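In the numbering used here, the protein residues as written are 17 to 159. A virtual CB, placed ideally from N, CA and C, is assigned to each residue, including glycine. Please read all numbers here as calculations on a predicted model, not as lab measurements.
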């Protein structure tokens, strides 16, 4: 079966992580001129990736999840080791096509819900082939 993907997938390069300067405690409110900064170094791979063997990145394409804060071009961190649960945002392959949607589990039904009123929910039936690839744990945005 050929899988169509509007998502671009990447594997984290955990061998070549680079620690960058990190300054904690920057206020988004009224600035303090006497603030002392404690600069340490962190690796975003080490912060964003909990399970290196089961995590990958994907670039979002489209606007169906804008209400959840996932915009076109955002990078999603996806953990395949997490259990799919009601209310979680998941990367799913339904009938050979990838999509990102919120999972809604009902008594006899599973729904894949967009977070944009311009898109219709997807009711998963027995006729559909659904594979939940992983759960979105973080979204990296450009400003």
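Among residues of its own chain, excluding the 5 on either side of residue i, which ones have a beta-carbon nearer than 6 angstroms to its beta-carbon?
i, result
"residue 100", "106, 119 and 148"
"residue 156", "91"
"residue 138", "128"
Give me, in chain order, the residues of the same chain whose beta-carbon lies closer than 7 angstroms to that of residue i; leave out the 5 immediate sequence neighbours on both sides.
i, result
"residue 102", "119, 120 and 121"
Does the Cβ-Cβ distance between residue i and residue j come in under 8 angstroms?
i, j, result
"residue 71", "residue 65", "yes"
"residue 128", "residue 141", "no"
"residue 91", "residue 75", "yes"
"residue 88", "residue 77", "yes"
"residue 131", "residue 84", "yes"
May I ask you to list the residues that DSSP assigns as paired with residue i?
i, result
"residue 3", "There is simply no residue 3 to check, as the chain begins at 17 and stops at 159 in what is shown."
"residue 150", "107"
"residue 74", "25 and 92"
Please report whether the beta-carbon of residue i lies at a distance below 8 angstroms from any beta-carbon of chain B.
i, result
"residue 87", "Judged by its chain identifiers, the structure shown contains no chain B, having just a single protein chain."
If distances are taken between C-alpha atoms only, which option among the options comes closest to residue i?
i, options, result
"residue 82", "133, 112 and 96", "133"
"residue 146", "139, 124, 89 and 110", "110"
"residue 96", "80, 77, 84 and 69", "69"
"residue 135", "86, 79 and 124", "79"
Within its chain, find whatever has a CB closer than 8 angstroms to the CB of residue i; leave out the 5 residues flanking it on each side and keep chain order.
i, result
"residue 94", "71, 72, 73, 74, 107, 149, 150, 151, 152 and 153"
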